[in-house]
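So that you can map any letter, position 29 of the sequence shown is 29 in UniProt numbering, and since no number is skipped, the others follow by simple counting.
Ideal placement from N, C-alpha and C gives every residue a C-beta, glycine not left out.
Report on one structure; see the data block that follows.
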Amino acid sequence: MICLHNEKELLKNVAEGNQASFGIIYEAYHDALCQFVQKYVKATDLASDLVQDVFAHIWVKRVDLPAVDSFGAYIFTSVRNHTLNFLKKASRENTLKAAILHNYQPAVGNADYHLLASEYRQFIQDILNTLPPQTRTVFQLCREEGMSYDEAASHLGISRNAVKKHMVRSLKLFREKLHSDPHSALLLLLFFIKS
């Protein structure tokens, strides 16, 4: 277990909004937490994102930190619970996607399926064409070629955070299309099932 000799003082400082103290705690626990989460999710990028989520939540609720007896136990429990909740939600979504595909595919004939596939490809391309070139490239590397954020960052010579920002921007646009055009919803759903 990680032990910071001045942990209580650091937590008190964080509760008062001290970012430097928060950084010390973050650095002390981050790698061990990511390794812990990877046992559940088997993906480095996802593990890092889940750990970041918990740290962000802790910063928002920082005024409660002085009441925490053992920060190590607290943060590992928080990360475990957040990860398990994420996996439960992902499992429900995958079950729903499988049911939609199972019910949808028999309803279309071969010719209809090819027409739908062509329409789907054009729909995705139309959205991609509205993205800035760098954002489009990042999206294609991560979504279509299956690169991790770190791999895409190395390939493009940019930071991992830049890759993440590009992905957030592109996924936001897809979500907006989903809400604004009911016909596009099925195409978009099929895209994310496929990916």
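| Asked | Found |
| --- | --- |
| Run the CB neighbour count on S170, radius 10 Å, all protein chains shown included, and call it buried at 16 or more, exposed below. | buried |
| Whole angstroms are fine: how far does the CA of I124 sit from the CA of L33? | 36 angstroms |
| In three-state DSSP terms, what is N6? | coil |
| How about H166 and T135: do their beta carbons lie closer than 8 angstroms? | yes |
| With distance defined between alpha-carbon atoms, name the residue in Y26, V54 and L10 nearest to N85. | V54 |
| How would you call R121, buried or exposed, if buried means at least 16 neighbouring beta carbons within 10 angstroms? | exposed |
| Say whether the region 61-78 touches the region 4-11, bearing in mind that this needs 3 or more beta-carbon pairs closer than 8 angstroms, one atom from each stretch. | yes |
| Using only the alpha-carbon positions, how far apart do V14 and F22 sit? | 6 angstroms |
| Comparing alpha-carbon positions, which option in F76, Q38, D45 and G157 lies nearest I25? | F76 |
| Mind checking whether L149 and L87 have CB atoms under 8 angstroms apart? | The residue you asked about is not Leu; residue 149 is Tyr in the sequence shown. No, these two residues do not count as a Cβ contact at 8 angstroms. |
| Can you give me the C-alpha to C-alpha distance between L128 and H5, rounded to a whole angstrom? | 51 angstroms |
| Any Cβ of chain D within less than 8 angstroms of the Cβ of L87? | No chain D is present in this structure, which holds just one protein chain. |
| Using only CA atoms, which one of S118, V37, V63 and A28 lies nearest to N81? | V37 |
| When you compare only the Cα positions, how much space is there between R175 and V168? | 10 angstroms |
| According to DSSP, is M147 helix, strand or coil? | coil |
| Pull up the distance between the alpha-carbon of D45 and that of A67, whole angstroms please. | 31 angstroms |
| Consult DSSP for V138 and reduce its assignment to one of helix, strand or coil. | helix |
| Nearer than 7 angstroms: is that true of the beta carbon of T83 relative to any heavy atom of the ligand PLP? | Ligands displayed in this structure: none; no statement on the ligand PLP is therefore possible. |
| Note down, in chain order, each residue of its chain lying with its Cβ closer than 6 angstroms to the Cβ of F139, except the 5 sequence neighbours on either side. | S170 |
| Find the nearest neighbour of D31 within the set E145, D64 and A47, judged by alpha-carbon distance. | A47 |
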